[in-house]
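Take 2 as the starting number for the sequence shown in the numbering used here and just add one per residue.
Here a beta-carbon is modelled for each residue, glycine too, at the ideal position from N, C-alpha and C.
Heads up: the structure comes next, in structure tokens.
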Amino acid sequence: MFVLKFGGTSVAHAENIKKVTAIVREKVATGKALVVVSALSGVTDALLRCGTLAALGNAAYKQDLQEVTQRHLDAVQNLLPLTHQSALLSRVMQQCHEVEDLCNGIFLLGEFSDRTRDKLLAYGELLSSQIISTYWASESLENQWIDSRQMIVTDSKFTNATVDVAATEEKIKDHFAAANAQLFIAPGFVAANEQGVTTTLGRGGSDYTAAIYGAALNATEVEIWTDVSGMMTADPRLVTNARPIVQISYHEAMELSHFGAKVIYPPTVSPLMHKGIPVWVKNTFAPADYGTVIKAEVAGNGNTIRGISSINNIALLSLEGSSMVGIPGFSKRLFEALANSNINVILITQASSEHSICVGVNENAAERAKLAVDKAFSPEIEAGKVNPLSVETGLSIIAVVGDNMKSHAGTSGKMFAAIGRNGINVRAIAQGSSERNISAVIASADVKKAVNVLHEAFFETTYKQVNLFVIGTGNVGGKLLAQMQQQVQYLQQHLHLQIRLIGLANSRKMLFADNGIDLNNWKAQLDGGEPMELQQFVQKIEEKNLRNSVFVDVTANAQVASIYDQLLERSISVVACNKIACSSPYVHYRKLKDLSREYNAAFHFETNVGASLPIIGTINDLLRSGDAVQKMQAVLSGTLNFVFNNYDGTRSFAQVVRQAQDEGYTEPDPRLDLSGTDVARKILILAREAGEQLEMEDITNQPFMPESCMQGSVEDFYAEMERQEPHFRSLLDTANAEGKKLKFVAQYHNGKAAVGLQHIDPAHDFFHLYGKDNIVLFYTNRYTEQPMVVKGAGAGAEVTASGVFADVIRAARI
Ligand code: ADP
Ligand code: ASP
Ligand code: MG
């Protein structure tokens with residue numbers, strides 16, 4: 002005997018019922034079959050809503066009932082030929098009238114007991130099974146309809162009755178011994194108590210009905226036909242990359258379903274496990290897909306875990322008190338209090354200090370739990386030995402499940418490292434001694450992110466998704482987006498990184514796209530975006546709560562630089578070419594570095610100095626390997642180097658500066674470069690990275706620009722520079738007369754830093770420094786005589802963008 006169960010979506014309407022019929026027809030050709038069906042999808046919910054509305058005296062239930070009736074009539078009319086419809090239509094109508102009578106009664110009495118509820122909800126499965134049975138008969142698919150209420154005996158715990166296994170098995174065996182059909186059909190979910198009063202097996206209980214029949218009949222196998230191609234590695238509604246599990250052990254399947262994998266109703270597996278009957282989970286809408294087989298012994302799949310699941314609406318109850326230590330029977334009293342109030346405990350943890358015991362229960366039991374536990378411990382609470390029960394809500398449980406965990410060290414390390422890196426706070430942890438399940442209690446708002454992060458860590462060897470939020474679409478920002486667009490494929494193929502741009506903004510507009518902004522035409526999309534508001538941008542990043550989020554600041558804006566701490570505190574990595582944050586007061590710089598460490602979020606700013614030249618990375622490497630920087634000598638302004646390299650007296654100084662600006666080497670306001678402020682910021686950042694606690698004010702700056710140039714607008718500045726041409730000319734002439742070149746040099750030595758114009762003689766490393774190149778000489782404990790030299794283009798949108806991009810990839814790979 003095969004037992005096949007079809008869920009609500011599988012029998013939602015005539016079209017789907019025809020698909021079911023084809024599957025059943027094929028099965029019956031190979032042997033006897035019993036088919037268990039759910040109600041048409043949504044009908045159980047609709048009936049429940051009718052009862053609830055009626056009990057509240059709300060006549061709107063009539064409308065709902067009308068719709069329920071119509072759905073069943075439609076199914077009949079679309080399944081049966083006109084000539085065969087009338088008998089079934091009148092049976093359906095009659096039962097719908099009974100439903101209406103029941104609801105009218107509830108409406109009049111204002112009372113909706115659990116007993117009445119079961120009676121009402123049972124109509125869903127009774128109707129669906131009768132319609133399908135009659136349809137099959139009309140299609141020459143002979144079958145016998147069985148009333149599960151006469152087969153499955155339960156206690157009187159309405160809404161979630163407990164099955165009397167022995168009595169049930171006897172009835173089923175007796176019935177089938179005498180029956181000689183090839184095909185049977187029975188309603189799922191419904192049963193009856195010893196007195197024959199209708200009960201139900203709990204929401205989702207049709208799976209369990211199939212298991213009960215399967216176990217009683219010693220079925221060859223039980224097939225659960227649903228709307229997904231098997232039990233998946235995670236809930237497919239949460240994880241797009243979830244994939245079907247080919248084989249899974251009974252224990253693993255039970256653990257996953259108890260921890261929220263809704264695809265199988267939790268009590269289903271146990272009766273079949275005891276008889277060693279395999280269970281298949283198959284897709285009605287893709288019957289050729291393999292699906293999942295649940296059985297005793299399964300092959301390893303190369304993964305330490307088999308699946309991930311989650312349960313929402315959890316409340317965490319904590320009982321704490323200094324005097325709990327060593328009091329015998331303490332936990333017994335706690336669990337007794339909960340059990341006496343019929344509260345199901347989902348998770349338990351107790352620290353070995355015995356100061357506190359923590360249990361997870363369904364949120365809707367929290368209030369009852371509080372009353373019961375506080376009452377049970379009232380003497381100790383009054384005596385101040387124990388605190389009143391603390392109740393925390395808004396929580397969920399995530400669980401990783403797998404038989405294989407037993408033999409593998411490091412599963413929990415991997416689990417908590419992955420979620421910790423993404424700023425997900427864990428409230429409680431439990432691991433059963435079977436080592437088949439590790440569960441963690443987290444905020445419900447973090448569930449989607451956590452499940453995805455875990456899925457990525459345990460299953461997706463294919464790639465890691467990185468979610469970017471970029472502010473700044475100017476010279477550097479534009480180039481960055483272009484480079485990303487060009488490189489996305491490569492990164493996916495070679496580094497297994499899937500980079501998605503989720504948020505983009507400039508000073509006017511901001512834009513978000515959950516599946517990633519199309520990098521081919523971001524400009525047009527951003528123009529159509531919403532007005533930019535920085536705090537809203539931050540809020541959006543936080544709300545989206547995406548794993549592996551990286552924020553990228555490609556502006557030179559102080560306000561943008563002020564949001565890094567908010568982001569790092571949420572474990573969101575920050576990449577900046579903006580150097581304002583790192584050159585702000587030391588305490589702030591330190592705070593950002595500390596937050597980065599504390600919250601496991603990257604904070605990279607290599608392009609603060611020398612565009613994409615490896616300068617900061619070099620200092621970091623030197624320090625990490627035990628070296629110490631004694632002295633740095635550097636030309637750090639691409640702009641100033643360009644200006645002094647090109648200023649030879651044939652054009653005015655102002656004209657050369659203008660060219661540097663036009664070619665995109667300068668800061669938006671070139672005075673930041675010419676005043677030496679920008680260089681001072683850079684040497685400050687390098688000194689700090691080398692371990693020095695320096696402030697901007699500590700840096701000596703000998704300006705070469707006349708004071709008069711530094712006032713007014715940028716245009717005033719150009720005009721005044723023209724007027725001051727003799728001053729610049731005399732600087733040049735003096736240097737030329739000595740056979741030297743002008744270079745604006747930054748220096749750090751023995752804890753002190755200075756910037757200023759110097760005359761460089763031909764023997765110096767700086768003499769042959771062309772274009773907009775930068776150079777840094779590092780003198781360290783290991784590089785004493787000859788410095789380590791880093792040299793190359795130190796400005797320009799393309800190279801700066803590539804440095805930012807490299808930082809983004811670095812951030813993504815932690
Ligand atoms: P049916 O009506 O057929 O009984 P259910 O809605 O009860 O179907 O269960 C199937 C649904 O369970 C799927 O559509 C899927 O959204 C959800 N689900 C949750 N977790 C998992 C999982 N780990 N594997 C497969 N499906 C899951
Ligand atoms: N129809 C019932 C419910 O929706 C039982 C089931 O579908 O399994 O809960
Ligand atoms: Mg179900």
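query: Is the distance from the Cβ of Val374 to the Cβ of Asn302 below 9 Å?
result: Contact: no.
Short Cβ contact (9 Å threshold) for Val452 with Ile398: Annotated as distal: Val452 and Ile398, with beta-carbon spacing of 9 Å or more.
- request: Can you grab the Cα-Cα spacing for the pair Asn79 / Leu396, in whole Å?
  value: 45 Å
- prompt: Say the cut is 8 Å; is the CB of Phe336 nearer than that to a heavy atom of the ligand ASP?
  reply: no
- prompt: Nearest CA to the CA of Glu16: which residue from Ala562, Ala76, Leu66?
  reply: Comparing C-alpha distances from Glu16 to each of Ala562, Ala76, Leu66 shows the shortest one belongs to Ala76.
query: Would you call the region 118 to 126 and the region 80 to 95 touching, i.e. three or more CB-CB distances under 8 Å?
result: no
- prompt: If we ignore side chains and look at the alpha-carbon of each, how far apart do His176 and Leu110 end up?
  reply: Straight-line Cα distance between these residues: approximately 39 Å.
message: Give me the residue from Glu668, Ala410, Ser413, Ser319 with the minimum Cα distance to Ala370.
response: Ser319
- prompt: Pick from Lys333, Val25, Val44, Thr201: whose alpha carbon is nearest that of Arg150?
  reply: Thr201
- request: Tell me Ile306's beta-bridge partners as DSSP assigns them.
  value: Per DSSP, none; premise fails for Ile306.
- prompt: According to DSSP, is Ile398 helix, strand or coil?
  reply: Secondary structure at Ile398: strand, using DSSP grouped into helix, strand and coil.
message: Let me check understanding here. Comparing Cα to Cα, which of Ala55, Ala30, Gly9 lies closest to Gly43?
response: Of the candidates Ala55, Ala30, Gly9, the one whose C-alpha sits nearest the C-alpha of Gly43 is Gly9.
query: Any heavy atom of the ligand MG closer than 8 Å to the CB of Ser39?
result: Flag set: Cβ of Ser39 near the ligand MG.
field: Range covered by the alpha helix (DSSP H) that runs through Met94
entry: 83 to 110
- request: Note down the Cα distance separating Arg26 from Leu142, rounded to an integer number of angstroms.
  value: 7 Å
message: Taking the alpha-carbon of Ile841 as reference, which of Arg591, Asn579, Val553 has the nearest alpha-carbon?
response: Not covered by the structure: residue 841. The range shown for the chain is 2 to 815.
message: Going by C-alpha to C-alpha distance, which of Ala138, Val164, Leu218, Ala182 sits closest to Lys174?
response: Leu218
query: Is Ser207 near the ligand ADP, going by C-beta to nearest heavy atom under 8 Å?
result: yes
query: Start and end of the beta strand (DSSP E) containing Ile213?
result: Counting along the chain, Ile213 sits inside no beta strand (DSSP E); it lies in the alpha helix (DSSP H) bounded by residues 207 to 217.
- prompt: Between Val392 and Cys578, is the Cβ-Cβ spacing less than 9 Å?
  reply: no
message: Within 8 Å, do at least three Cβ pairs link the region 718 to 738 to the region 772 to 790?
response: Note that the region 772 to 790 does not touch the region 718 to 738; fewer than 3 beta-carbon pairs, one per stretch, sit closer than 8 Å.
query: Mind checking whether Phe7 and Val21 have CB atoms under 9 Å apart?
result: Yes, these two residues count as a Cβ contact at 9 Å.
Nonlocal neighbours in the same chain, by C-beta distance under 7 Å from Ile1, ignoring five residues either side: Not covered by the structure: residue 1. The range shown for the chain is 2 to 815.
task: State buried or exposed for Lys276, treating a residue as buried only when at least 16 other CB atoms are found within 10 Å of its CB.
output: exposed
CA nearest to the CA of Gln131, picked from Asn105, Gly189, Ala182: Gly189
- prompt: Is the beta carbon of Val4 within less than 8 Å of some heavy atom of the ligand MG?
  reply: no
Residue range of the alpha helix (DSSP H) that includes Ile132: 115 to 139
- prompt: So what does DSSP say about Asn314, is it helix, strand or coil?
  reply: strand
DSSP three-state assignment for Pro380, whether helix, strand or coil: helix
- request: Starting from the C-beta of Ala316, find all residues in its chain whose C-beta is less than 8 Å away, skip the five residues before and the five after it, and write them out in chain order.
  value: Gly361, Val362, Asn363, Glu364, Ala366, Ala367, Ala370, Val392, Glu393, Thr394, Leu396
- prompt: Roughly how many angstroms lie between the CA atoms of Ile425 and Glu457, to the nearest whole one?
  reply: Looking at the backbone, the Cα of Ile425 and that of Glu457 are separated by about 15 Å.
- request: Could you tell me if Ile265 is buried or exposed, where buried requires 16 or more neighbouring beta carbons within 10 angstroms of its beta carbon?
  value: buried
message: Does the beta-carbon of Tyr565, which I'm using as the reference point, lie nearer than 8 Å to any heavy atom of the ligand MG?
response: no
query: Is it the case that the Cβ atoms of Ala446 and Asn546 are separated by a distance below 9 Å?
result: yes
message: Considering only their Cβ atoms, is the gap separating Ala235 from Ser310 smaller than 9 Å?
response: yes
- request: Might you give, ordered along the chain, the residues of its own chain that have their beta carbon closer than 6 Å to the beta carbon of Tyr62, omitting 5 neighbours on each side?
  value: Cys51, Leu54, Ala55, Cys104
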